[in-house]
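Here the protein sequences come in this chain order: U and G. Here numbering that gives the first Met the number 0 is used: the first residue of the first sequence is 0, the next is one more, and so on. Here numbering that gives the first Met the number 0 is used: the first residue of the second sequence is 0, the next is one more, and so on. Where a beta carbon is used, it is the ideal one built from N, C-alpha and C, also for glycine. To keep things clear, I will list the structure first and then write my remarks on it.
2 protein chains.
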Amino acid sequence: MTSGRLRSAEIVAIGTELLTPFRSDTNSLYLTARLNELGLEVRGKTVVADDRAAVESALRAALARAEVVVTTGGLGPTDDDVTREAVAGVAGVGADEDAAVLAVIDGRFVRRGRRMPPINRRQAQVPTGAVVLPNPNGTAPGLWIEVGDGVVIALPGPPRELQPMYEDSVLPRLRARCGGVVLRRRTLKIAGRGESDVDEIAQPVYGPWRQAEPAISTTILASLGQVELHLSSQGEDAARVDRALEEAVEALQAVLGPAVFSVDGRSLEEVVGDLLVSRQLLLAAAESCTGGLLLGALTDIPGSSAWIAGGVVAYANDVKVRSLDVPAELIAAHGAVSDAVAEAMAEGVRRRLNAGLGVGITGIAGPAGGTDAKPVGTVAIAVAGPGDRCVVRTVRFPGDRVMVRQMAVRAALNLIRRVLTDADYN
Amino acid sequence: MTSGRLRSAEIVAIGTELLTPFRSDTNSLYLTARLNELGLEVRGKTVVADDRAAVESALRAALARAEVVVTTGGLGPTDDDVTREAVAGVAGVGADEDAAVLAVIDGRFVRRGRRMPPINRRQAQVPTGAVVLPNPNGTAPGLWIEVGDGVVIALPGPPRELQPMYEDSVLPRLRARCGGVVLRRRTLKIAGRGESDVDEIAQPVYGPWRQAEPAISTTILASLGQVELHLSSQGEDAARVDRALEEAVEALQAVLGPAVFSVDGRSLEEVVGDLLVSRQLLLAAAESCTGGLLLGALTDIPGSSAWIAGGVVAYANDVKVRSLDVPAELIAAHGAVSDAVAEAMAEGVRRRLNAGLGVGITGIAGPAGGTDAKPVGTVAIAVAGPGDRCVVRTVRFPGDRVMVRQMAVRAALNLIRRVLTDADYN
Chain U
0 MTSGRLRSAE
10 IVAIGTELLT
20 PFRSDTNSLY
30 LTARLNELGL
40 EVRGKTVVAD
50 DRAAVESALR
60 AALARAEVVV
70 TTGGLGPTDD
80 DVTREAVAGV
90 AGVGADEDAA
100 VLAVIDGRFV
110 RRGRRMPPIN
120 RRQAQVPTGA
130 VVLPNPNGTA
140 PGLWIEVGDG
150 VVIALPGPPR
160 ELQPMYEDSV
170 LPRLRARCGG
180 VVLRRRTLKI
190 AGRGESDVDE
200 IAQPVYGPWR
210 QAEPAISTTI
220 LASLGQVELH
230 LSSQGEDAAR
240 VDRALEEAVE
250 ALQAVLGPAV
260 FSVDGRSLEE
270 VVGDLLVSRQ
280 LLLAAAESCT
290 GGLLLGALTD
300 IPGSSAWIAG
310 GVVAYANDVK
320 VRSLDVPAEL
330 IAAHGAVSDA
340 VAEAMAEGVR
350 RRLNAGLGVG
360 ITGIAGPAGG
370 TDAKPVGTVA
380 IAVAGPGDRC
390 VVRTVRFPGD
400 RVMVRQMAVR
410 AALNLIRRVL
420 TDADYN
Chain G
0 MTSGRLRSAE
10 IVAIGTELLT
20 PFRSDTNSLY
30 LTARLNELGL
40 EVRGKTVVAD
50 DRAAVESALR
60 AALARAEVVV
70 TTGGLGPTDD
80 DVTREAVAGV
90 AGVGADEDAA
100 VLAVIDGRFV
110 RRGRRMPPIN
120 RRQAQVPTGA
130 VVLPNPNGTA
140 PGLWIEVGDG
150 VVIALPGPPR
160 ELQPMYEDSV
170 LPRLRARCGG
180 VVLRRRTLKI
190 AGRGESDVDE
200 IAQPVYGPWR
210 QAEPAISTTI
220 LASLGQVELH
230 LSSQGEDAAR
240 VDRALEEAVE
250 ALQAVLGPAV
260 FSVDGRSLEE
270 VVGDLLVSRQ
280 LLLAAAESCT
290 GGLLLGALTD
300 IPGSSAWIAG
310 GVVAYANDVK
320 VRSLDVPAEL
330 IAAHGAVSDA
340 VAEAMAEGVR
350 RRLNAGLGVG
360 ITGIAGPAGG
370 TDAKPVGTVA
380 IAVAGPGDRC
390 VVRTVRFPGD
400 RVMVRQMAVR
410 AALNLIRRVL
420 TDADYN
């Protein structure tokens, strides 16, 4: 057994179904986050079929590149499940049935009033020298086995089995071998500015941090209507790393200003919900082109019934008139996609639903319906309230129907946030 | 150059960002589907960092296992982008600047009134013997290079560059080398039945097909509220393969009955939309626990304005009364989550929005709000119309808030479908 400090890891996902067009390996994102926390750099990821030779070859290659190799899947009871044999093969050891492991598997069936199928006996095979990792959520135990200077950790594929096993059995063992290095992350979430915009402002600030002590590395990630700055830093003094990251977050907030909506992991929906709660306001929304997506996103938050009244999906013009009291003449004069109609929708839904804040969204999501003056992607968003105030924005989003709708939802959430946080916002 | 028939493939995704907890490789799902169509089996997938030695090692390992290796990413202009060098290294050749490629890259900048940054010159480096694959959607050209008995195909990372390049430049070249074997897929989509239920009915039918000629393999995939049976078969006679799959689809439809809602790739939303169009009906929805998700899903379909009137998100009881004319006494007598209230919501939204079909959904998504009689997951769904008819179902879904809401949306869509396809459905 080695006692050298572990620094790098590879992940090997085992399963023929992961090589079809229908499934992808998602465990590796969870595992990467957790391994990184211990200061372990993930050097590579591999997906292989349920084939013993392929698994052994992948394990050997991974062990040549990294000290820790985590496998997922292939621990089930069927002939397809070859991880146990492959791990033993790579370690150059045999495997024996472990009576204690067999008793635990058998007990799971007995507790459910069933008999253990003979096939499950395979799951009690343990390679010589391996530590068995208990699985409270399934029949497949995990394995921890030292191979040369490295370690192979075999975990079951289902996330609800893998994650508790990692927390309970893998994390303490790994931590003891990682020399007390910790990796910490912080995330700034930003709305209303594009990726290159954010990078232009932030780069001069974060650029020098790569050479600082402790060094801070920065990744910028853009998704529809939102930009995230991910900061990470590692070291042996956790308090020092945390302090450095906190100062970094503050420096970036100072240059990015109110575009930063979250530094504590909260989503834009959660930030809006918390603002509504603190202002004791109920929100109502009138959606045309977004067709319910804004309300759908907000009501995803548990407890949102405390700050959401509801809304109207006014897809047809007729519904805008009948259910939101938008004057038909207003639609005729300005068009359904206009500042005036967005305002009338926001005011209408606020009044009809007796809410403190009303939102109106009307736009052209495409692919049809665009004109020269109002091309596909044109969306008007209004926020009525608190009080007599009504703020309206017309934006032109790029991309297809899905993108336009998603970006309109993000923009509406951000407009609500700005109205609620900045008394002078207009 | 080899002219042997190609049978197997590996995919190597290149990019340090794909080794963080935030990004996963999605190109490989698209590539797997397309490679499978040519009869190429995908044997493995690897993700490596932007590091030349790591990329070369991954390419060599992949070439040892498969004849076709497709790489994605690492073709950009920066120092991080090492795919060109690694491909040349593995092929054992040098690289030269290609004047024609340089002219195309330069032209892209000139057309936008900009000058090509000097850094982009790197993208015109072409390994000796490689075929350049044009990129109409970006600056990075792709590469096709023979290495021993195999071929390495280097594609850019962004899907909007990768996919057209595959279609235009890779597919014809690969097809010529795949010996005329085709792989075809068919999918049956099923609603209203669980995975094990479907498998119990379908397995006796599809079981023997694995030994048939042409053999048909079957995969069962379950997602929230929906089960899919994926059939695939390959052979040199495309018409014969298609015929075998068509007969297989019909045999499964016969045993699964009306639970099968699609055999042509359409989603449940699209099937519902097509039914509404053919019946010339407009749909209106009143959503409580799903908070707009049903309408959001339906309005994702381009052209849905032809068959969606709109709806009301009646999250608060007050809104159910004010905007949907649900009698307050009805709520008091039966509770907001009840058959009676779901019916009144469906009738109310249909009348208010002047639609042919009304849907009402009211339930307890959790985590709070459950009782012994109506635990979290209880959802009542009503469909009012066509005509005087009103059908209502109360279901108890398992899982958390996200699951309950998604499954309620699927169940509502399926109830609409059943009402519109089966005159006797009740």
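Under the Cβ criterion of 9 angstroms, residue 21(G) is counted among the residues facing chain U.
Distance between residue 144(G) and residue 195(G), taken at the CA atoms: about 46 angstroms.
Residue 56(U): member of the alpha helix (DSSP H) spanning 51 to 64, first to last residue. Any Cβ of chain U closer than 9 angstroms to the Cβ of residue 416(G) would place that residue at the interface, and such an atom is absent. Using a CB distance cut-off of 9 angstroms, residue 333(U) does not count as an interface residue toward chain G.
Residue 373(G) has a beta carbon lying at 9 angstroms or more from every beta carbon in chain U. With its beta carbon at least 9 angstroms from every one in chain U, residue 423(G) lies outside the interface. Against chain U, the beta carbon of residue 216(G) has no neighbour under 7 angstroms; the closest one sits roughly 10 angstroms away.
The region 52 to 66 of chain U makes contact with the region 76 to 86 of chain U, as at least three CB pairs between them are under 8 angstroms. Listed in chain order, the non-local C-beta contacts of residue 146(U) below 7 angstroms within the same chain comprise 62, 89, 90, local neighbours out to five positions each way being set aside. Three or more beta-carbon pairs separated by less than 8 angstroms link the region 402 to 419 of chain G to the region 259 to 279 of chain G, which places the two stretches in contact. Going by C-alpha positions, residue 179(U) is about 35 angstroms away from residue 17(U).
Legend: CB atoms of the region 175 to 202 of chain U lying less than 7 angstroms from CB atoms of chain G are not found in any residue.
Between residue 270(U) and residue 291(G), the gap from beta carbon to beta carbon reaches 9 angstroms or more. Against residue 301(U), the close residues of chain G are 366, 400, in the order they occur along the chain (beta-carbon pairs closer than 7 angstroms).
Its Cα nearest to that of residue 353(U), the residue 318(G) stands out among 125(G), 318(G), 157(G), 331(G). In the DSSP secondary-structure assignment, residue 227(U) is bridged to 188(U), 220(U). With a threshold of 9 angstroms between beta carbons, residue 16(G) makes contact with chain U. Chain U places no beta carbon closer than 9 angstroms to that of residue 273(G), leaving this residue out of the contacts. Taking C-beta separations shorter than 6 angstroms and ignoring five residues to either side along the sequence, the partners of residue 10(U) in its chain run 27, 30, 44, 69, following chain order.
Residue pairing of residue 393(G) in beta bridges, as defined by DSSP: 379(G). When the alpha-carbon of residue 224(G) is set against those of 201(G), 197(G), 193(G), 212(G), the nearest one is in 193(G). If you check each beta-carbon in the region 308 to 342 of chain G against every beta-carbon of chain U, the ones closer than 9 angstroms belong to 308, 309, 310, 311, 312, 313, 314, 315, 317, 318, 319, 321, 322. Take the alpha-carbon of residue 5(U) and the one of residue 176(U): they are about 6 angstroms apart. Contact residues of the region 60 to 72 of chain U toward chain G are 60, 63, 64 (C-beta to C-beta distance below 9 angstroms). Interface flag for residue 77(G) against chain U is unset, since no Cβ pair is found closer than 9 angstroms. By alpha-carbon distance to residue 356(U), the top candidate from 364(U), 229(U), 274(U) is 274(U). For residue 308(G) and residue 373(U), the gap between their C-alpha atoms comes out near 22 angstroms.
Looking at the DSSP output, residue 144(U) sits in a beta bridge with 151(U). Scanning its chain for C-beta atoms nearer than 6 angstroms, with the 5 sequence neighbours on each side dropped, one finds around residue 87(G) the residues 94, 126, in chain order. Contact of residue 353(G) with chain U by beta-carbon distance below 8 angstroms involves 317, 321.
Residue 187(G) and residue 251(G) do touch by the CB rule: their CB atoms are close to 6 angstroms apart, below 8 angstroms. Residue 294(G) reaches chain U at 290, 291, 312, counting residues in chain order whose Cβ is nearer than 7 angstroms. With a threshold of 9 angstroms between beta carbons, residue 46(G) makes contact with chain U.
Chain-order list of chain G residues neighbouring residue 28(U): 19, 20, 21, 22, 23, by C-beta distance under 9 angstroms. Annotated three-state conformation of residue 118(U) is helix, per DSSP.
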